[in-house]
């Protein structure tokens, strides 16, 4: 594999595709749209991308993925604005930003806090994209030698990690993943062509339309959830935004925080299953441990905002690395992007770097430009973006619901898909009520067919012998450690719970032996 | 907390039933095929998995109900070893919910989905925007009504132009415009 050639391609080839007035405008507009949606509390980055996917179907694949990635990055940054101004994260990934952003805003430093958020998002986002450019071709080159065993193991890891980290209960995360696998197998069997779980419905022979699933789960169900929780009645008065550019003075003192959080975010983004929310939490936690003034964190420390905002944006680039190089989505959002690419006739994976180097390069360049757009719009447009908080919610939610319904219809011009979307919206709402995470389901819908295809191919290669297939798995230098990691992941909560119980028992015994025995009636 | 645990038991039972349903749905497929070419291999594995995980969820819920033990679900946040500061958790007060409004919105959405592509896209879309905005508390003053009607026309035109004109999606022939 000629890595230099691949690297050269990725930096240069796509300029012709991206550097047109229309594409540049599309990228900047998409970042702006993402920021607006992200700035509305309750509307997540997943939702904004899912709802807007159908609008990209007539675009060139490179432009489409750039637009969607622009919306994604814009939404992640946009979430910083309400986090700072009204103490409500626009997206879950901005949860940690509220801790220091809001106290700064209360001190009259809202502009500085938002400026730090923009600069951190830009720095980390650019870093992660450069990592994608550097390691994407190399990872794809390694992945080119992957067989069924390796792909099977990576898919299992992705499902396990997301089931483990995306909710309070691992069993519910696993249940969501199993439901996703079940939904993913509806339709004709990939090998025999036999219909499975279609119940005689011809429209299900091709399976559920993926876009209908994600729009239902992340789009319409979120609208229902917001209304159910009466979020539309909240009318918080945000603080005024001034002196956003003053944040540049903070960049040098925060350089190590930015560097560390960018690395943490990228690494967590690369790991299949984790995502920007986890990246932001871990980065904030790490910063608190390493900070010279840990007591100040949570009370308006700029390093808290830098740690949180840089990690969540870096995670997006990291997740793109896994998605483009391996064809395995790193989180729910890259699963949506992967689904959108497939609709465009592009199959992410190692061969993408060989077959469509110009497209990969265009995606890489667009991501860099999206980060530049994020910096410019974020710095100079923050005070106008904040006005989105004044938009009457009843009107806003009616438009979002319409976008979900019409967008789903537009995919194939099918009213059946709209009904499927409605059913998944209901399922998403039920999931929220039962504390079942949604991300494992969406990821499993994409990973299910990969898992099944590679499992059965592995069995075929071993003459249908499950033991021999198992041997292939445990002797593979890549699949074996990955599966071991999966095993550790499942054992970890059990071990931790046993240790906690034993600690609690010891503490109870110690407390009982230290406290004086209660006086009995006889003694009295 | 108790309600959550009852919900967990019910969720577990529902999952196990779904697993059973999956096994029933593929029961007609032969069992004697080699696994590599067996289309029922994966559905059966998922069915058994759902039954197993359903039983685990139900058992954990039932155990927590009986013993009053604290489980991971009683805690806030994600199950990773990162301390979530108390200030953040303190923000989560008593949740205010409105079932009636959620059901009303669901009904409006369902009616719109059933009629928009059968009765008339433009008419039903404009009506949908007005109905949902009023349902969600848009101000009911003469000025509010006028602005809402204008808004609904603009939104309907924007969606029609964006999706059916620019993207070229074919709209079915209907009775009303």
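Residue numbers (our numbering), protein chains in the order written: chain A, 210 to 733; chain B, 3 to 179.
For every residue, glycine included, the Cβ atom is placed at its ideal position computed from N, Cα and C.
**Message:** For a contact defined as C-beta to C-beta under 8 Å, what are the partners of residue 112(B) on chain A?
**Reply:** 631
**Prompt:** With 16 as the cutoff for other CB atoms within 10 Å, does residue 34(B) come out buried or exposed?
**Reply:** exposed
**Asked** Is any beta-carbon of chain A found at less than 9 Å from that of residue 69(B)?
**Response** no
**Asked** Looking at C-alpha atoms only, which residue of 668(A), 674(A), 572(A) and 338(A) is the closest neighbour of residue 475(A)?
**Response** 338(A)
**Asked** Curious, which full-length beta strand (DSSP E) runs of at least 3 residues does the stretch 558-610 of chain A contain?
**Response** Counting whole runs of 3 or more residues, the stretch 558-610 of chain A contains no beta strand (DSSP E) stretch at all.
**Prompt:** Does residue 227(A) have its Cβ less than 9 Å from a Cβ in chain B?
**Reply:** no
**Request:** Report the neighbours of residue 582(A) on chain B: residues whose CB is nearer than 8 Å to its CB, in chain order.
**Result:** Chain-order list of chain B residues neighbouring residue 582(A): empty, with the shortest C-beta distance near 22 Å, by a criterion of under 8 Å.
**Request:** Please name the residue in 107(B), 14(B), 155(B) and 66(B) whose C-alpha comes closest to that of residue 138(B).
**Result:** The shortest C-alpha separation from residue 138(B) is found at 107(B).
**Request:** Could you tell me the boundaries of the alpha helix (DSSP H) in which residue 663(A) lies?
**Result:** Counted as a single uninterrupted DSSP element, the alpha helix (DSSP H) harbouring residue 663(A) occupies residues 648-670.
**Message:** Taking 6 Å as the limit between beta carbons, can you name the residues of its chain near residue 80(B), skipping five residues before and five after?
**Reply:** Legend: pLDDT at residue 80(B) = 45, less than 50; position of this residue unreliable, value from coordinates given subsequently. Closer than 6 Å at the Cβ level, and outside the excluded window around residue 80(B), lies no residue.
**Request:** Confirm, please, whether the CB-CB distance from residue 494(A) to residue 485(A) is below 9 Å.
**Result:** no
**Asked** Of the choices 693(A), 717(A), 671(A) and 632(A), whose alpha-carbon is the least far from that of residue 430(A)?
**Response** Proximity to residue 430(A) across 693(A), 717(A), 671(A) and 632(A) peaks at 632(A), based on C-alpha coordinates.
**Prompt:** Which word fits residue 616(A), buried or exposed, when buried means at least 16 other C-beta atoms lie within 10 angstroms of its C-beta?
**Reply:** buried
**Message:** Tell me whether the stretch 641-653 of chain A and the stretch 538-553 of chain A touch, counting them as touching only if at least three CB pairs, one residue from each stretch, are closer than 8 Å.
**Reply:** yes
**Item:** Near-chain A residues of the stretch 148-164 of chain B (beta-carbon distance less than 7 Å), N- to C-terminal order
**Value:** 153, 157 and 161
**Entirely enclosed alpha helix (DSSP H) segments - the stretch 250-288 of chain A, minimum 4 residues** = 254-261 and 270-287
**Message:** For residue 427(A) and residue 567(A), which I take to be in contact (beta-carbon distance under 8 Å), what is that distance rounded to the nearest angstrom?
**Reply:** Not really, about 31 Å apart at Cβ, beyond 8 Å.
**Request:** Quick one: grab the DSSP three-state call for residue 396(A).
**Result:** The answer is strand: DSSP assigns residue 396(A) an E or B state.
**Nearest-angstrom beta carbon gap, residue 325(A) and residue 504(A) [assumed within contact, 8 Å]** = Not confirmed; about 19 Å, so no contact.
**Asked** Is the Cβ of residue 615(A) closer than 9 Å to any Cβ of chain B?
**Response** Cβ-Cβ to chain B under 9 Å: yes for residue 615(A).
**Asked** For the stretch 610-648 of chain A, which segments carrying the alpha helix (DSSP H) assignment without a break, of at least 4 residues, lie completely within its bounds, in sequence order?
**Response** 624-642
**Request:** Quick one: give me the first and last residue of the alpha helix (DSSP H) that residue 435(A) is part of.
**Result:** Where residue 435(A) is concerned, the enclosing alpha helix (DSSP H) stretches over 430-437.
**Asked** Any residues in the stretch 671-695 of chain A with a beta carbon nearer than 7 Å to a beta carbon of chain B? Which ones, in chain order?
**Response** 673 and 675
**Request:** Within 10 angstroms of the Cβ of residue 465(A), are there 16 or more other Cβ atoms? Answer buried if so, exposed if not.
**Result:** exposed
**Asked** Between residue 667(A) and the rest of its own chain, which residues show a CB-CB distance below 7 Å, the 5 nearest in sequence each way excluded?
**Response** 357, 358, 361, 678 and 681
**Amino acids of chain B, ordered along the chain, whose beta-carbon sits closer than 8 Å to that of residue 398(A)** = 41
**Asked** With distances taken between CB atoms, is the gap from residue 334(A) to residue 590(A) smaller than 9 Å?
**Response** no
**Prompt:** Can you list, in chain order, the residues of the stretch 125-142 of chain B whose Cβ is nearer than 9 Å to any Cβ on chain A?
**Reply:** Here the close residues are 127, 130, 131, 132, 133, 134, 135, 136, 137, 138, 139, 140 and 141.
**Prompt:** Does the stretch 587-605 of chain A come close enough to the stretch 336-356 of chain A to have 3 or more Cβ pairs within less than 8 Å?
**Reply:** No: fewer than three Cβ pairs fall under 8 Å.
**Request:** Can you give me the start and stop residues for the alpha helix (DSSP H) that residue 521(A) sits inside?
**Result:** 511-535
**Item:** Three-state secondary structure assigned by DSSP to residue 411(A)
**Value:** helix
**Request:** Closer than 7 Å, Cβ to Cβ, to anything on chain B: give me those residues from the stretch 383-414 of chain A, in chain order.
**Result:** 383, 384, 387, 390, 391, 394, 398, 400, 401, 403, 405 and 406
**Asked** In whole angstroms, what separates the C-alpha of residue 554(A) from that of residue 712(A)?
**Response** Residue 554(A) and residue 712(A) have their C-alpha atoms roughly 55 Å apart.
**the stretch 401-421 of chain A contacting the stretch 285-297 of chain A, beta-carbon criterion three pairs below 8 Å** = no
**Prompt:** So, is the C-beta of residue 427(A) closer than 9 Å to a C-beta in chain B?
**Reply:** no
**Request:** Just tell me which of 601(A), 534(A), 671(A) and 226(A) has its CA closest to the CA of residue 350(A).
**Result:** The shortest C-alpha separation from residue 350(A) is found at 534(A).
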